[in-house]
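Participant: Structure incoming, see below.
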């Protein structure tokens, strides 16, 4: 099985490539070849599987056609610019997040001759915009309030329609906010959800800009990779024509995040969280989904790696910190 | 006020141009100029208002840019290929129904300098696909099961996002099935809803291919024009960011349609309906919406011209048959 990952240099793409390298298979099928694409050079994972690294832009139509011409069996489409950048640079957002997706699916269609790869499109809870119910169900309508969310919603629609027409075998999965996101603190409005766990565990002080009653929807990077693997290998006949699914996650308040950190790491760690309310961030976050009912995904076999937010913290300590942290 | 109608040679476009010509104004503002575009030459309405007729394709990007360069105040975007054709010709459907819409809104954006026209996008109940509730509410999710429905849903999303970014002042209205559609019987699967009224009134026999308990969602051509006029002149601030609205209509069964025809025109007319069940059409129609709750549209002042299906028949007799029919 030949696997193509678009956006393989990103956090989730890199972890997915590493996991596939480690497992050596996707579902029950051996991985015999991997192609890792990104606009910056992807890292070569440690594996005996033949890996090709490709540095190109998803809006380079010829380059995308060339990637698809090798007829990968499964394509993970993770390439996108993030919410904040898509909002700030309108043209770039539509070009990469919408046209890039169109180039991919049209390149697949152009191959013809019965070529019908599994395409896993990573969507986002940004397809939902306030006001919405406390728990967003599987049939709540898409009302994106950002260009990024609009582009992801359109991607979902295209994946469903191309699938319905038999041009590919697609599935769109809406990832929760990934927590704990490794690496440096970023300036995304959502950054604090990860920062308040990651930085204290690294012995650093961190600012909490919102009140502790802010509720949000989380999944660990390990869960995100698990969702992708399942989407890449599951029997898609069970899905039916509605090919976009909200993924399972954990709904917790910031206060519950901190209490979990306290249980897992102790008061000396949570003491590094400094409360500095920021009205702008508080306002942005107020428009974000807080909780979901993801019955369809659960029924289709998508599961999280964590049962509690304590687990999310432990996964971070295991996967990113080699099992230890700064007490 | 300068009004541009894209798709002005179509049934609804023609009626809209005629109504604007007759009224001489849109809302409270005088119409001082009209530009009527279609891929086939639009008819010149009988009016003293200066009218420009433009024959061009909506996927002729330069031609669309030229139409927009005149900075019309209100743009009615009715240009589209219909459901059956978009399904049969995948490329043409995406080109005209999606790219054509993108060319329009990008041409508007390219003008800049504060140019922000009202854009009324005609969408469709085809944004919904079965299974759905008996009555589809304002928050039910979009699950198109045709390429046409997919393209209309994407159009709605783009109109909302461009509006949110202040690039235009858009509104998408989802028209019910238009009944009674004048002209020749067409071969669209939905054709019989109009055929069974129009043909008997013209003294002709007609085939009813489904059972009388089939329920569907209708509005007269007069109502459709009324929705467009209201969308073109209303205060859009009241809508909020969710710029797509299901329009009001009437939910009736085929049996109720025939009973209404009986009341309005008599048994000699309904005797011209021949029941010849067609399993293919019955199957297609089974996946169509049957009824809606359109609270948002009603609250925003959208109203139908008819209270009963009897009214729909009377409107057809008045507007298309000069007040009489073949008894």
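Residue numbers (our numbering), protein chains in the order written: chain E, 1 to 327; chain B, 328 to 654. C-beta: ideal position from N, C-alpha, C; glycine also. All values derive from a computational prediction rather than experimental measurement.
Taking only the alpha-carbon atoms, compute the straight-line gap between residue 423/B and residue 250/E and give it to the nearest angstrom.
Facilitator: 42 Å
Participant: Compare the C-alpha of residue 145/E against each of 296/E, 289/E, 188/E and 2/E and name the closest.
Facilitator: 289/E
Participant: Using a Cβ cut-off of 7 Å, which residues of the stretch 227-252 of chain E contact any Cβ in chain B, in chain order?
Facilitator: 241 and 242
Participant: So with CB distances below 8 Å, who are the chain B contacts of residue 139/E?
Facilitator: 467 and 468
Participant: Using a 10 Å radius around the Cβ and a threshold of 16 neighbouring Cβ atoms, would you call residue 478/B buried or exposed?
Facilitator: buried
Participant: Among 410/B, 406/B and 417/B, whose alpha-carbon lies nearest the alpha-carbon of residue 430/B?
Facilitator: 406/B
Participant: For residue 134/E, decide whether its Cβ has a neighbour in chain B, counting only Cβ atoms nearer than 9 Å.
Facilitator: no
Participant: At 8 Å on the CB atoms, spell out the chain E contacts of residue 472/B, in chain order.
Facilitator: Those within 8 Å of residue 472/B in chain E are 164 and 241.
Participant: Specify whether the stretch 75-89 of chain E and the stretch 42-49 of chain E touch according to this definition: at least 3 beta carbon pairs, one from each stretch, less than 8 Å apart.
Facilitator: no
Participant: Leaving aside the five residues before and after residue 15/E along the sequence, list all residues of the same chain whose C-beta is less than 6 Å from its C-beta, in chain order.
Facilitator: 221 and 225
Participant: Take residue 650/B and list the residues in its own chain whose beta-carbon comes closer than 7 Å to its own, dropping the five residues that flank it on each side.
Facilitator: 644
Participant: In three-state DSSP terms, what is residue 480/B?
Facilitator: helix
Participant: Does the CB of residue 456/B have a neighbour CB from chain E at under 9 Å?
Facilitator: yes
Participant: In the DSSP output, what is residue 402/B paired with across the bridge?
Facilitator: 331/B and 446/B
Participant: Taking only beta-carbon atoms, is residue 487/B less than 9 Å away from chain E?
Facilitator: yes
Participant: If you draw a straight line from the C-alpha of residue 626/B to the C-alpha of residue 572/B, how long is it?
Facilitator: 11 Å
Participant: Between residue 477/B and chain E, is there a C-beta pair that is closer than 9 Å?
Facilitator: yes
Participant: Using a beta-carbon distance below 9 Å, is residue 668/B in contact with chain E?
Facilitator: The structure shown does not extend to residue 668/B, since chain B is modelled only from 328 through 654, so no value can be given for it.
Participant: Compare the C-beta of residue 157/E with all C-beta atoms of chain B and state if any pair is closer than 9 Å.
Facilitator: yes
Participant: For chain E, find out if any of its Cβ atoms is closer than 9 Å to the Cβ of residue 428/B; answer yes or no.
Facilitator: no
Participant: On the CB-based measure, 16 or more other CB atoms within 10 Å of its CB, does residue 195/E come out buried or exposed?
Facilitator: buried
Participant: Given a cut-off of 9 Å on the beta-carbon distance, is the pair residue 154/E and residue 98/E in contact?
Facilitator: In terms of Cβ geometry, residue 154/E and residue 98/E form a close pair [threshold 9 Å].
Participant: Could you work out which residues of chain B lie near residue 343/E, taking near to mean beta carbons separated by less than 8 Å?
Facilitator: This structure cannot settle anything about residue 343/E, because the visible part of chain E is limited to 1 through 327.
Participant: With 16 other CB atoms within 10 Å as the buried threshold, where does residue 122/E fall?
Facilitator: When all chains shown are included, residue 122/E counts as buried.
Participant: Indicate the three-state DSSP secondary structure (helix, strand or coil) for residue 440/B in the structure shown.
Facilitator: coil
Participant: Between the stretch 180-190 of chain E and the stretch 127-135 of chain E, do three or more beta carbon pairs fall short of 8 Å?
Facilitator: no
Participant: What's the gap between the Cα of residue 252/E and the Cα of residue 206/E?
Facilitator: 19 Å
Participant: Taking the alpha-carbon positions, what's the residue 360/B to residue 297/E distance?
Facilitator: 54 Å
Participant: Less than 9 Å between the beta carbons of residue 193/E and residue 469/B, yes or no?
Facilitator: In terms of Cβ geometry, residue 193/E and residue 469/B do not form a close pair [threshold 9 Å].
Participant: Within 9 Å of any Cβ in chain B, is that where the Cβ of residue 154/E sits?
Facilitator: yes
Participant: Would you mind working out which of 294/E, 38/E, 327/E and 257/E sits nearest residue 311/E, comparing C-alpha positions?
Facilitator: 257/E
Participant: Specify the secondary structure class of residue 127/E as computed by DSSP and reduced to three states.
Facilitator: helix
Participant: Leaving out the 5 sequence neighbours to the left and right, which residues in its chain are closer than 7 Å to residue 394/B when beta-carbon positions are compared?
Facilitator: 331, 362, 364 and 381, listed in sequence order.
Participant: Would you please state the rounded distance, in angstroms, between the beta carbons of residue 604/B and residue 538/B? I believe it to be under 8 Å.
Facilitator: Approximately 7 Å separates the beta-carbon atoms of residue 604/B and residue 538/B; this is inside 8 Å, confirming the contact.
Participant: Around the C-beta of residue 295/E, are 16 or more other C-beta atoms found within 10 angstroms, so that it is buried, or is it exposed?
Facilitator: With fewer than 16 other Cβ atoms within 10 Å, it is exposed.
Participant: DSSP three-state call for residue 361/B: helix, strand or coil?
Facilitator: strand
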